[in-house]
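Engineer:
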Amino acid sequence: MSKQEQIEQTIYQLLELLGEDPNREGLLDTPKRVAKMYLEMFNGLEEDPKDQFTAVFSEGHEEVVLVKDIPFHSMCEHHLVPFYGIAHVAYIPSKGRVTGLSKLARAVEVASRRPQLQERLTHQVAHALQDALEPEGVFVMVEAEHMCMSMRGIRKPGSKTVTTVALGNTRKMPSCAVNSCP
1 MSKQEQIEQT IYQLLELLGE DPNREGLLDT PKRVAKMYLE MFNGLEEDPK DQFTAVFSEG
61 HEEVVLVKDI PFHSMCEHHL VPFYGIAHVA YIPSKGRVTG LSKLARAVEV ASRRPQLQER
121 LTHQVAHALQ DALEPEGVFV MVEAEHMCMS MRGIRKPGSK TVTTVALGNT RKMPSCAVNS
181 CP
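Rendered as structure tokens:
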């Protein structure tokens, strides 16, 4: 039985346990859709964020490189409900070694496509960049809204959680990079 079929079977059983009829018209294809969605949402488990930094160039640039407002979505590993927001990724190249700008966004994408904690997501992106490029400094900030806080429990929609990781020398980072990126 394939991974997709196993997930479909599990979702079918979950619907039954919740008191639903998985064979009714509106739910007939739900197990298949949910299985497909989970395989897509969690495909980052098959990749390492560090592997995204394959393109490295010696450009002589030794000032801050900052990509702001990288959108992402992930799944809270505690409740398997989404959290989503934006990431800001900055680094100071060492010896002029830079990477393609899209690689910063790809690292965020890979790290977010797995059952995740925001704190770990921030850490994984920062350390992937640090390990791959060995820059002078790295700063990653992630701002996200968690559906587990909006839809259940405390029920505070609109509240955002901010996590940061600073590695190496971040003194040359502009205040926007280390405080808040408007």
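FYI, our numbering numbers position 155 of the sequence shown as 155, with every residue one higher than the one before it.
Glycine included, each C-beta is placed from N, C-alpha and C at the ideal position.
1. Just checking my contact of Pro71 with Gln124 at CB under 8 Å: how many whole Å lie between their CB atoms?
2. According to the Cβ coordinates, are Gly100 and Gly137 closer than 8 Å?
3. Determine the direct distance from the alpha carbon of Tyr91 to that of Pro182, and round the result to whole angstroms.
4. Please name the residue or residues paired with Gly184 in a DSSP beta bridge.
5. Pick from Leu27, Pro31, Leu18: whose alpha carbon is nearest that of Lys3?
6. So which of Thr161, Met141, Val142, Val140 has the shortest CA-CA distance to Cys148?
7. Should Ile154 be labelled buried (16 or more other beta-carbon atoms within 10 Å of its own) or exposed?
8. Identify whether Leu27 lies in helix, strand or coil by the three-state DSSP scheme.
9. Looking only at its chain, what residues have a beta carbon closer than 6 Å to the beta carbon of His79, apart from the 5 residues adjacent to it on each side?
10. DSSP on Pro182, reduced to helix/strand/coil?
11. Give me the Cα-Cα distance between Leu254 and Met41, rounded to the nearest whole angstrom.
12. Just verifying my parser: in three-state terms, what is the DSSP assignment at Ser159?
13. With 16 other CB atoms within 10 Å as the buried threshold, where does Leu129 fall?
14. Alpha carbon to alpha carbon, what distance is there between Val64 and Lys172?
Structural biologist: According to the data block:
1. As a working mapping, residue 71 is identified with position 71 in the sequence shown. As a working mapping, residue 124 is identified with position 124 in the sequence shown. Between Gln124 and Pro71 the Cβ distance is about 17 Å, and since that is not below 8 Å, they are no contact.
2. Residue 100 sits at position 100 when you count from the first residue of the sequence shown. Residue 137 sits at position 137 when you count from the first residue of the sequence shown. Against a cut-off of 8 Å, the Cβ pair of Gly137 and Gly100 comes out as no contact.
3. For the purposes of this step, residue 182 is identified with residue 182 of the sequence shown, where counting begins at 1. For the purposes of this step, residue 91 is identified with residue 91 of the sequence shown, where counting begins at 1. The pLDDT assigned to Pro182 is 47, lower than 50, so where the model puts this residue is not dependable; a value taken from the coordinates is nonetheless given after this. Cα to Cα, the separation comes out at about 18 Å.
4. Because the chain is modelled from 1 through 182, residue 184 falls outside the range shown and cannot be assessed.
5. The residue you call residue 3 lines up with position 3 of the sequence shown. Cα-wise, what sits closest to Lys3 is Pro31.
6. Position 148 of the sequence shown, counting from 1, holds the residue named residue 148. Nearest of Thr161, Met141, Val142, Val140 to Cys148, Cα basis: Thr161.
7. Taking the sequence shown and counting its residues from 1, one reaches residue 154 at position 154. Exposed: under 16 other Cβ atoms inside 10 Å.
8. Residue 27 sits at position 27 when you count from the first residue of the sequence shown. Helix.
9. Reading the sequence shown from its first residue, position 79 is the one you call residue 79. Closer than 6 Å at the Cβ level, and outside the excluded window around His79, lie Cys148.
10. On the sequence shown, residue 182 is found 182 positions in, with the first residue counted as 1. Residue placement at Pro182 cannot be trusted, given a pLDDT of 47 that sits under 50; what the coordinates show is reported in the next sentence. Coil at Pro182, not helix or strand.
11. Outside the shown range of the chain, which is 1 to 182, sits residue 254, and nothing can be said about it.
12. For the purposes of this step, residue 159 is identified with residue 159 of the sequence shown, where counting begins at 1. Correct three-state label for Ser159: coil.
13. Taking the first residue of the sequence shown as position 1, residue 129 is located at position 129. Leu129 comes out buried.
14. Position 172 of the sequence shown, counted from the first residue, corresponds to residue 172. Position 64 of the sequence shown, counted from the first residue, corresponds to residue 64. Their backbone Cα atoms lie some 7 Å apart in a straight line.
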